[in-house]
Amino acid sequence: MDQINKSQIDQINNQQRLIQEKQQQNQIQVNQLNFAQFALPKQFSLNAQPNQENKKSEGYLMQDDEFIDPVKEQVKKSAKNYDLNKELSFELKALNKIQKSSSMKNQYIPAMISLKTKETYIEADNQNQRAGVDLICLIDRSSSMMGDKIEMVRQTLLILLNFLGSKDRLQLIIFNGTAERITPLKCVSEENRNYFEQKIKEIAACGSTDISSATKIAFQQLKDRQYRNTVTSIFLLSDGQDDSAFMNIQNQISQIQDVFTLNTFGFGKDNDAKMMTEISNLKDGSFYFVQEISLLDEFFVDALGELISVVGEQISIQLQYVSQSPFQDIKISKTFGTMWNLKDNKYEIHLPQIACGTRKDYVFELELPKTNCQFNDNQRNVKLIQAQLTITDTQTKQVISKQDCLELVILNENEEHNQNEDDIDVYCQYFRVKGTDVINSARQLCEAHQNDQALTLINEMLIQIKSKQKVAASDQCQGIIQDLEQALLASKKKEYFNYGRAQMCQMVNNNFQQKGLNSQFDYQGQQKQQMHPGIYQNFCSNQMMQCAQINKPPQLNYQFLKKPQ
């Protein structure tokens with residue numbers, strides 16, 4: 001009896017062991033299949049159920065972007081609309097063409113490289129006239145975004161759909177402590193509109209903030225996509241602070257070769273404006289400070305307007321000295337902004353994109369050392385700096401090159417000459433960068449609780465600009481005058497804490513980049529709607545912003561917003 005029972009027990013145990021081994025083998029196969037098809041990045045929540053939108057893991061490609069053929073479409077429909085070779089000007093010039101030498105002191109002459117694209121009146125809803133855009137939106141849904149903020153983000157994204165078309169592709173990535181890709185890179189066609197609307201309405205707020213978890217997915221998507229649109233950009237929306245974000249994103253970007261811009265949108269007085277501007281600077285983007293959240297849609301379409309009117313990409317400018325004896329010691333003594341790179345005694349500037357109807361002016365100071373030399377007639381005309389530009393046409397992919405040379409006429413100290421007129425354009429751009437430097441210095445003084453010194457510094461700069469009446473009256477100078485006057489308000493102790501820190505960070509970033517829309521505040525500290533074109537807006541950006549303003553319903557009731565006609 002005992003022997004029979006033992007045999008039966010052994011048989012049962014063997015059967016159970018075989019069943020368990022079979023189950024384990026099946027489970028391994030299922031896990032492998034799930035991993036291959038639906039595995040999530042490390043930053044995704046492991047508790048989330050995998051779906052078709054967020055499937056992706058390290059080692060697996062995000063190649064589910066929707067098909068487009070932008071090069072063929074652009075060349076066929078609009079390549080002849082804008083001749084970049086003719087519509088782009090490239091110039092190198094100084095404040096004065098004639099300079100007297102000095103035996104007493106070194107002289108410092110403002111000069112600039114100027115890159116201008118002619119305006120073309122692109123209609124935002126004319127798909128055949130404008131560039132197609134790949135746009136990835138990174139949306140902070142942490143708990144601090146609960147309530148009005150997340151609702152305004154949802155409604156603004158719905159508005160954004162009205163300005164995108166079938167040649168544009170959109171991807172939505174949400175993040176808090178972890179990130180999730182809730183849509184692939186998908187065309188904003190009529191067929192897909194309901195899909196995007198549903199995904200947007202499902203966005204809810206909870207958790208902490210880890211910005212770089214979202215950028216990691218976005219950058220991987222840029223690398224993995226099978227098709228590339230004419231223009232690419234990332235919009236980052238956040239109200240929080242993330243001490244590690246900048247360094248993480250900087251490291252991530254270093255691995256990306258794609259051409260794109262990165263625009264940041266910071267909500268409320270508690271957002272880390274300095275960090276957000278630094279992030280946008282990594283890829284020539286603008287920082288938009290959003291204190292009044294009902295203005296978010298206007299800032300969104302301002303950024304989008306520039307993207308859809310891009311005409312050139314992969315811009316590279318090189319400067320090198322060509323002066324010879326006795327002028328070999330004439331050098332660039334100061335550059336303004338963060339765009340300049342010095343390498344092997346040559347200066348380089350790189351820009352991912354440029355839109356029509358915009359300009360980029362890179363200002364520097366030229367140092368003429370004091371000298372006792374006497375110059376004869378054949379030495380007066382001096383070539384100092386050679387500039388070389390290369391730019392790729394976004395439509396035809398043709399690489400265009402342009403050159404210019406900075407030449408001065410240098411007179412002896414004791415020589416008489418007719419009045420040497422200032423170049424108003426150079427003066428305006430010089431005041432733009434000098435004034436922006438002052439705003440940045442004033443911000444640093446406010447951080448050190450030296451608000452009175454900050455106010456004095458700003459007032460002195462305003463007096464200096466307004467003393468040049470002809471220059472101050474120029475349209476090109478109105479922007480920096482307005483910003484300095486806004487900085488006076490922002491530098492007061494209460495105002496600086498409430499909005500001034502972020503506003504001044506924004507002005508410094510956007511003024512050096514010559515792009516974006518600087519926030520304006522009234523004397524009560526309320527952010528104002530901008531009813532006049534921004535100094536850096538082109539026709540398309542301004543047209544789209546006006547459209548957003550006109551269609552904004554009473555009391556910001558976005559549910560009844562109609563698609564712009």
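With UniProt numbering as the guide, the letters of the sequence shown map in order to residues 1 to 565.
C-beta atoms are modelled at their ideal positions from N, C-alpha and C, and glycine is treated no differently.
T394 places its beta carbon 9 Å or farther from that of Q429. Collapsing the DSSP output to three states places C405 in a strand. A straight line joining the alpha-carbon of W340 with that of E202 spans about 44 Å. The Cβ atoms of L517 and S286 lie closer than 9 Å to each other.
When secondary structure is reduced to three states using DSSP, Y496 falls in the helix class.
Looking at I480, N414, I139, the one whose alpha-carbon comes closest to that of M507 is I480.
In this structure N229 is buried. Its beta-carbon is surrounded by 16 or more other beta-carbon atoms within 10 angstroms.
Here the alpha carbons of T264 and M276 stand approximately 6 Å from one another. DSSP places A454 inside the alpha helix (DSSP H), whose first and last residues are 451-466. Annotation for S280: the continuous alpha helix (DSSP H) segment containing it runs 273-281.
One Cα belongs to F300, the other to F375, and the distance between them is close to 57 Å. Inter-segment contact for the segment 435-449 and the segment 494-505 is present: three or more beta-carbon pairs are separated by less than 8 Å.
When the Cα atoms are used, E180 and I174 turn out to be separated by approximately 5 Å. With fewer than 16 other CB atoms across the displayed protein chains lying within 10 angstroms of its CB, T390 is exposed. Straight across, the Cα-Cα distance linking Q255 with L307 is about 23 Å. Judged by beta-carbon spacing, G207 lies within the 9 Å limit of G177, meaning their Cβ atoms are closer than that value. Distance between I315 and N281, taken at the CA atoms: about 16 Å. A straight line joining the alpha-carbon of M104 with that of I410 spans about 16 Å. Residue nearest to N511 within the set I439, V311, N248, D452 is I439 (criterion: CA-CA distance).
In the displayed model, Y321 falls within a strand according to three-state DSSP.
As for any alpha helix (DSSP H) of minimum length 4 sitting wholly inside the segment 234-262, the runs are 245-253, ordered along the chain.
Going by C-alpha positions, N96 is about 24 Å away from E348. Separation of the CB atoms of S467 and I424 is rounded to 15 Å, and the pair is thereby denied contact status at 8 Å. Between I279 and L262, the C-beta gap is smaller than 9 Å, which places the two residues in contact.
Contact holds between the segment 160-174 and the segment 132-147, because three or more Cβ pairs, one in each stretch, are under 8 Å apart. Secondary structure note for Q524: it is in no alpha helix (DSSP H), with a DSSP letter that is neither H nor E.
Note that the C-beta distance between Q403 and A387 is below 9 Å. Under the three-state reduction of DSSP, C428 is assigned to helix. T209 sits close to Q241, with the two beta carbons spaced by under 9 Å. In this structure, L366 lies away from I317, with their beta-carbon atoms at least 9 Å apart. Counted as a single uninterrupted DSSP element, the alpha helix (DSSP H) harbouring R193 occupies residues 190-201. Cβ contact annotation for E298 (same chain, cutoff 6 Å, sequence separation greater than five): M545, A548, in chain order. Put simply, the backbone Cα of N194 is about 51 Å away from that of K343. Boundaries of the alpha helix (DSSP H) around F539: 539-550. For Q99, the secondary structure class from DSSP, reduced to helix, strand or coil, is strand. Around the CB of Y321, 16 or more other CB atoms lie within 10 Å, so the residue is classed as buried.
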